[in-house]
Amino acid sequence: MRQEVRSFINMKYKDIKFSLKQSKRKTTSIFIERDGCVTVLAPETYSLTKIEGILEEKRSWIYRNLAEWEDLNRTKIEREFVSGEGFPYLGCNYRLKLVDEQQESLLLKSGCFLMRRDKSQYGADLFKDFYKKKGVERLRNRVVYFAPKLGVKYGAIRVLELQHRWASCTPVGDLNFHWKCMMAPLAVIDYIVVHELAHLRHPNHSPAFWNEVDKVLPNYSKHVSWLRHNGAGMDL
Ligand SMILES: [Zn+2]
């Protein structure tokens, strides 16, 4: 059975802009959506005054979370497949140039991404294919290099689109990497590889896990913070 919902958008309490959804729930919850909007879910019996009282109580939590959200998304860019747009590869930014005569749909040549103009409507797919193809090669090389240092055995290596993560592994040692990894600098890619290989020993983020990472990459925290600050900008 569907719950009956009343929703109100563009609400404002002091300087907090929010949207409100009221339903047959028993408690109130407040969260920051992926687009940075504040959403309040409240029981249908609550009056607006009561809801405003809750917002007042949660005020500092909301501010802290909004600031964190802005921090994470400051670097987020919407890329267009037009001449002059920049695309990262191995930590460097390369300009895109649309060209009319070229055999391949997309290639990286003399410091530029060259894309066939008649294929630019499929720009996102072309770039994903490019990162995946380059990724399989490079990530395999790095896995081969680091696995003996951690003393682990691995299975298949795949480069694909993952949900909200850079890499994942399975209990049998298969390794999956997001194609976005190829946008990051080489040292950061190495960290992502080592992090995932260390999970084959410790399937958690325990001190023992970080100790394993630290043995192979003593300066790994630099790469963790690089990903935290630049991760959002690594997208198409
Ligand atoms: Zn992890």
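In terms of my numbering, the sequence shown opens at residue 90 and continues consecutively.
The beta carbon of each residue, even a glycine, is placed where N, CA and C say it ideally should be.
Would you mind sorting residue i into buried or exposed? The rule is 16 or more other CB atoms within 10 Å of its CB.
i    : result
K103 : exposed
V171 : exposed
Y243 : buried
G173 : exposed
L275 : exposed
I119 : buried
A156 : exposed
L249 : exposed
A213 : exposed
At the level of alpha carbons, what is the spacing between residue i and residue j?
i    : j    : result
E285 : E141 : 45 Å
P132 : S112 : 5 Å
T116 : R254 : 31 Å
P260 : V188 : 46 Å
A236 : E167 : 36 Å
W268 : G224 : 7 Å
F202 : W315 : 24 Å
D263 : H288 : 11 Å
D124 : D207 : 32 Å
R229 : I246 : 7 Å
M90  : S199 : The pLDDT assigned to M90 is 44, lower than 50, so where the model puts this residue is not dependable, and the model offers no usable value.
V302 : E122 : 33 Å
F219 : V129 : 41 Å
V232 : K186 : 33 Å
K238 : V283 : 9 Å
C270 : R205 : 25 Å
R114 : Y135 : 11 Å
Tell me residue i's beta-bridge partners as DSSP assigns them.
i    : result
A131 : Q111
M271 : Partner(s): none; M271 has no beta bridge.
Y102 : I105
I119 : V129
L264 : I246 and C258
Hey, quick one: how far does the alpha helix (DSSP H) through residue i stretch, first residue to last?
i    : result
N319 : Y309 to N319
Y220 : G212 to L239
G142 : L137 to E146
Grab the span of the beta strand (DSSP E) containing residue i for me, first residue to last.
i    : result
P177 : G175 to Y178
V94  : Here V94 belongs to no beta strand (DSSP E), and DSSP marks it neither H nor E.
L185 : C181 to V188
F170 : Premise fails: F170 is in no beta strand (DSSP E) and is neither H nor E.
V248 : I246 to L249
D304 : Contrary to the premise, residue 304 reads as Lys rather than Asp in this sequence. Per DSSP, K304 belongs to no beta strand (DSSP E); it is in the alpha helix (DSSP H), P296 to V305.
R205 : C201 to R205
L196 : L195 to K198
With distances taken from each beta carbon to the nearest heavy atom of ligand 1, which residues come in below 6 Å, in chain order?
-> H284, H288 and H294
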